[in-house]
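Peer 1:
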């Protein structure tokens, strides 16, 4: 199958039959994908080609329909149509697309520069021109601006190939062969003087003097009538040469070309007898940076995009934050790639983010035109006239154009060269998404240097011996500089100026956040602070305000909801401000909707905030606390229905995140946990201890649901300190009980018991829900100490108290954990009853934490009662429910205990599968102790059970084992805490075959605790 674009778009089947895709829009989709063969075409660019600037509401669905139809049409061909974000990509052989084959043939012809190469070039160019099967490329596509731009580019390449073919024929003395094609082209485009000039020369060489004069006058009249212009230098030179030559010229003998086949000056065709000497190639590049290090991958990408065999007509945008080394990287690459651009290298600093005024298109075009040989007196004054002349002069050259420090996309269009063999590289602190979408530019983002390259740069600046003598200090300096080249160079300059200093001597200055930006200042015009300041000048007032307010945000990431809370606005306005900061690389959107900052940018924002009234920081902090209080109260209510937030949470504003279910609440909490923990401390630092302890208290059940055990304890300890400072006994007791639960979950039974006992004592007189909570925690702590009877007594007392006084808040917690205590004491019947009572209390909340924990205890009780069919169903339902809710730790507990159940049933292969899954979950959460225990159990099981090696490798994974899950951001599987609240019991399962072989290692997990 052959794709034809050089005329009406069509598919040519293997039998030569032409097949036109149904309708012009489908043809347009095929054409753009074929022209970008092997590259992803954004959906937005397809919209622009099909509908221009006004795509319909169902544009995306329409494109999907065209893609599906095209896939069917090319199903049995060498082409493959793939879906690749942010659009689609067509893969296949380039020689089966006529436009790409045309480019390849013309490039081969251009390479025929040796003596005798004209004959081969003529054949190649003739073959290329014969690929055209119509007057205009893409003739049957919808009439849109992008279609005209693409078709015009292809038509210009055809004209250039025709001109090169005619010039070669002239050199061979066979200009007459080109007359018919040139005459047809000149008739179609009577204002294109280079074509007319070549036609005059070919007619003259053919001895057709009168026809040559007719062709000249035809073009002269059209120029005068339509443009009011006289013939230019190229056309006038052609007719002057004819008038001064012999009346009957003889064909010139073949001569070796003395200049490249692509003329240096497109308005002055090569003379067939005496070709002029080539103009020296222009080079406006600044010198390359001394001791440049790193960015090898980015330079290879630039090679592939701009300097490779398909680099002609390419455009790359290199973006990144201030100080990332964008200019140095591109200039370094341009020097090494200069050989691929024989007609020169143009460079302009647009000063989009520099001090003073930006360099406008008129000034840049003037510099470029002078470099390309335009005399000052011939330089147009008007911007658009300069742009037209620039396009004409670059249309037949192979140039590299570097547009450095661009501010926005608005002024770039006129600076892009027209030549199909030219390449352009733009650098900017802005993302220039308009250029990427409209021009199809390749986007390269420069961030921090890899650690190895950062140390390599320090070695180049300070000598390898000095850096290698202090590896830890050098690595610390690199990290404190955010591994940004500008900051690293400034730090190295400080050290180079003090040869008696050790590298470690600079670390304290950089580590102190109050002095870091001052340290990275040369006391001149170059500093990290000044570079960031130039970026901030381009921002809206709202974006600058947000950058400053984010200094009050203690987390590593933020989102539109928190930003809206800081700005006291809606999420739409907040997203615009975040988008602006991200577009200028002051924030990085690593995952959709989540924005992070480098430390240097955070410190710069803190300086901006410090310049404002002190109350603004406090107001920003409390606005964030109230936002997270409202969101945490909503999320906690999903996990633990009826939880008392100890006062109404702040009213939910329009910016509160949408948390429709338990899974969404846990996903949100996992992303925001560092921020919540930091805000507890921030509120306490402001003296607002009520907000601080309430936020910690509401986060407690979210911590448990997410399995964040160590962070949970740190947050609760901070909340407990604030509760004590409020002097509110109920607040103190609530935080004591919650902190005791966290300690018990970490296996610190004695500390948990002491703290829980204090909470029970503190609430003995008042009773109430807090007392029920404290009693239950004390019961579980007692069980962990081996006091089983006392544990059951305390648990039953909590249940009785809750029932007698209608205390519903912590009743499910009491019932579920007391069920586990009965199971731990060996009373499986009572354990089953209490577990089912807990589930009944939460029947309307099937994914609530204590409903799930009660399911775990119910399944275990059934297993203890030797009711295997019911127990198996209960375990499978529990695992599925936990997985659906995103309750990773309870899922791990259930999988581990289900493996015990399978071992009891003499099903070791399946048991091993679930043990591996549980091991994965524990390991990913960093619970090395339980992970090692499960490793030992697996090793024991593998050694005790006779399974062929191939069968062991093929052991099935449990459902959901070690696969990517929505609730476990950034890792392939989740995990579980070591001592779940749900499983307060001692497993009695022993791997029987291991025992018979003499290995009496107990296969059970340790007792669970709250």
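Numbering (the working numbering), first residue to last: 330 to 1339.
The beta carbon of each residue, even a glycine, is placed where N, CA and C say it ideally should be.
#1: Please report the residue range of the alpha helix (DSSP H) in which residue 872 lies.
#2: Would you please state the rounded distance, in angstroms, between the beta carbons of residue 357 and residue 335? I believe it to be under 8 Å.
#3: Using a 10 Å radius around the Cβ and a threshold of 16 neighbouring Cβ atoms, would you call residue 354 buried or exposed?
#4: CB-CB under 8 Å to residue 799, same chain, minus the five flanking residues each way: which ones, in chain order?
#5: Of all the options 975, 1071, 1128, which has the alpha carbon lying nearest to the alpha carbon of residue 1027?
#6: What is the rounded straight-line gap between the Cα of residue 827 and the Cα of residue 835?
#7: For residue 681 versus residue 737, is the C-beta spacing smaller than 8 Å?
#8: Return the Cβ separation of residue 874 and residue 846 in integer angstroms, given the expectation that the two are a contact with Cβ distance under 8 Å.
#9: How many Å lie between residue 1104 and residue 1217 at the Cα?
#10: Between residue 1086 and the rest of its own chain, which residues show a CB-CB distance below 7 Å, the 5 nearest in sequence each way excluded?
#11: So, residue 709 versus residue 728, is the Cβ gap smaller than 8 Å?
#12: Nearest chain B C-beta to residue 951 closer than 8 Å, yes or no?
#13: Assuming residue 819 contacts residue 647 under a Cβ cut-off of 8 Å, what Cβ separation, rounded to an integer in Å, is found between them?
#14: Suppose the cutoff is 8 Å on Cβ atoms and the five residues either side in sequence are ignored; what does the same chain contact list for residue 659 look like?
#15: Using a Cβ distance threshold of 8 Å, determine whether the stretch 1184-1196 contacts the stretch 951-970, with at least three qualifying pairs required.
#16: Is the beta carbon of residue 1042 less than 8 Å from the beta carbon of residue 1084?
#17: Could you give the distance in angstroms between the alpha-carbon of residue 742 and the alpha-carbon of residue 735?
#18: Residue 957 and residue 1015: beta carbons closer than 8 Å?
#19: Rounded to whole angstroms, what is the Cα-Cα separation between residue 1205 and residue 1184?
#20: Given that a residue counts as buried once 16 or more other Cβ atoms are within 10 Å of its Cβ, and exposed if not, what is residue 395?
#21: What residue from 1251, 1269, 1255 has the CA that sits closest to residue 1238's CA?
#22: Mapping DSSP to helix, strand and coil, what is residue 940?
#23: Looking at C-alpha atoms only, which residue of 759, 780, 781, 496 is the closest neighbour of residue 773?
#24: When the Cα atoms are used, what is the spatial distance from residue 405 to residue 421?
#25: Check for me: the beta strand (DSSP E) holding residue 771 runs from which residue to which?
#26: Nearest to residue 549 by alpha carbon, out of 1194, 516, 535?
#27: How would you label residue 693, buried or exposed, when you count the other beta carbons within 10 angstroms and need 16 or more for buried?
#28: Rounded to whole angstroms, what's the CA-CA distance from residue 663 to residue 810? Just pull it up for me.
#29: With which residues is residue 756 paired in a DSSP beta bridge?
#30: Where does residue 833 sit, in a helix, a strand or coil, going by DSSP?
#31: Count the other CB atoms within 10 Å of the CB of residue 842; is the residue buried (16 or more) or exposed (fewer)?
#32: Sort out for me which residues DSSP pairs residue 612 with in a bridge.
#33: Who pairs with residue 411 in a beta bridge, going by DSSP?
#34: Quickly, what does DSSP pair residue 850 with across the bridge? List them, please.
#35: Span of the alpha helix (DSSP H) holding residue 917?
#36: Leaving out the 5 sequence neighbours to the left and right, which residues in its chain are closer than 6 Å to residue 985 when beta-carbon positions are compared?
Peer 2: Let's see:
#1: Translated into the one-based positions of the chain shown, residue 872 becomes position 543. Looking at the DSSP string, the run of the alpha helix (DSSP H) that includes residue 872 is 870-878.
#2: Along the chain shown, one-based indexing puts residue 357 at 28. Along the chain shown, one-based indexing puts residue 335 at 6. Wrong, their Cβ atoms sit about 15 Å apart, outside the cutoff.
#3: For this step, residue 354 is matched to residue 25 along the chain shown. By the neighbour-count rule (16 or more Cβ atoms within 10 Å), residue 354 is buried.
#4: If you number the chain shown from 1, residue 799 lands on position 470. These residues qualify, in order along the chain: 831, 832, 833.
#5: Counting from one through the chain shown, the residue named residue 1027 turns up at place 698. Comparing Cα-Cα distances from residue 1027 to each of 975, 1071, 1128, the minimum goes to 975.
#6: Numbered from 1 along the chain shown, position 498 holds the residue referred to as residue 827. Numbered from 1 along the chain shown, position 506 holds the residue referred to as residue 835. Between residue 827 and residue 835, the C-alpha separation is close to 10 Å.
#7: Taking the chain shown and counting its residues from 1, one reaches residue 681 at position 352. Taking the chain shown and counting its residues from 1, one reaches residue 737 at position 408. Yes, these two residues count as a Cβ contact at 8 Å.
#8: Taking the first residue of the chain shown as position 1, residue 874 is located at position 545. Taking the first residue of the chain shown as position 1, residue 846 is located at position 517. With a Cβ gap of about 20 Å, residue 874 and residue 846 do not count as contacting.
#9: Along the chain shown, read from residue 1 onward, the residue named residue 1104 stands at position 775. Along the chain shown, read from residue 1 onward, the residue named residue 1217 stands at position 888. For residue 1104 and residue 1217, the distance between alpha carbons rounds to 27 Å.
#10: Working through the chain shown from its first residue, we reach residue 1086 at position 757. Cβ neighbours of residue 1086 beyond the five flanking positions: 1107.
#11: Position 380 of the chain shown, counted from the start, is the residue given in the question as residue 709. Position 399 of the chain shown, counted from the start, is the residue given in the question as residue 728. No. Outside cutoff.
#12: The chain labelled as chain B is not found in the depicted structure, where only one protein chain is given.
#13: Reading the chain shown from its first residue, position 490 is the one you call residue 819. Reading the chain shown from its first residue, position 318 is the one you call residue 647. Wrong, their Cβ atoms sit about 22 Å apart, outside the cutoff.
#14: Locating residue 659 in the chain shown gives position 330, where the first residue counts as 1. 631, 647, 731, 733, 754, 756, listed in sequence order.
#15: no
#16: For the purposes of this step, residue 1042 is taken as residue 713 along the chain shown, with counting starting at 1. For the purposes of this step, residue 1084 is taken as residue 755 along the chain shown, with counting starting at 1. Against a cut-off of 8 Å, the Cβ pair of residue 1084 and residue 1042 comes out as no contact.
#17: Mapped onto the chain shown, residue 742 falls at position 413. Mapped onto the chain shown, residue 735 falls at position 406. Near 12 Å, if we compare the C-alpha coordinates of residue 735 and residue 742.
#18: Taking the first residue of the chain shown as position 1, residue 957 is located at position 628. Taking the first residue of the chain shown as position 1, residue 1015 is located at position 686. It is not a contact, given that the beta carbons lie outside the stated cut-off.
#19: Indexing the chain shown from 1 puts residue 1205 at position 876. Indexing the chain shown from 1 puts residue 1184 at position 855. For residue 1205 and residue 1184, the distance between alpha carbons rounds to 10 Å.
#20: On the chain shown, residue 395 is found 66 positions in, with the first residue counted as 1. Flag for residue 395 reads buried.
#21: Counted from its first residue, the chain shown places residue 1238 at position 909. For the residues 1251, 1269, 1255, the minimum Cα distance to residue 1238 belongs to 1269.
#22: Residue mapping note: residue 940 aligns to position 611 of the chain shown, counting from 1. Three-state DSSP puts residue 940 in coil, outside helix and strand.
#23: What you label residue 773 is simply residue 444 of the chain shown in a count that begins at 1. Residue 759 is the option with its Cα nearest to residue 773.
#24: Taking the first residue of the chain shown as position 1, residue 405 is located at position 76. Taking the first residue of the chain shown as position 1, residue 421 is located at position 92. Each residue's alpha carbon lies about 12 Å from the other.
#25: Here the question's residue 771 lines up with position 442 in the chain shown. Residues 771-774.
#26: Along the chain shown, read from residue 1 onward, the residue named residue 549 stands at position 220. With distances taken between Cα atoms, residue 549 lies closest to 516.
#27: Counted from its first residue, the chain shown places residue 693 at position 364. Result: buried.
#28: As a working note, residue 663 is residue 334 in the chain shown. As a working note, residue 810 is residue 481 in the chain shown. Distance between the alpha carbons of residue 663 and residue 810 is about 27 Å.
#29: Within the chain shown, residue 756 is the residue found at index 427, counting from 1. In DSSP, residue 756 forms a bridge with 647.
#30: The residue given as residue 833 occupies position 504 in the chain shown. Here residue 833 sits in helix by DSSP.
#31: Working through the chain shown from its first residue, we reach residue 842 at position 513. Exposed, because fewer than 16 other Cβ atoms sit within 10 Å of the Cβ of residue 842.
#32: Locating residue 612 in the chain shown gives position 283, counting from the first residue. Its beta-bridge partners are 674.
#33: Taking the first residue of the chain shown as 1, we reach residue 411 at position 82. 418, per the DSSP bridge assignment.
#34: For this step, residue 850 is matched to residue 521 along the chain shown. According to DSSP, which records beta bridges pairwise, residue 850 is partnered with 856.
#35: Reading the chain shown from its first residue, position 588 is the one you call residue 917. Where residue 917 is concerned, there is no enclosing alpha helix (DSSP H), although the beta strand (DSSP E) it sits in stretches over 917-920.
#36: As a first step, residue 985 is located in the chain shown; it is residue number 656 there, counting from the start. So the list reads 959, 960, once near-sequence residues are dropped.
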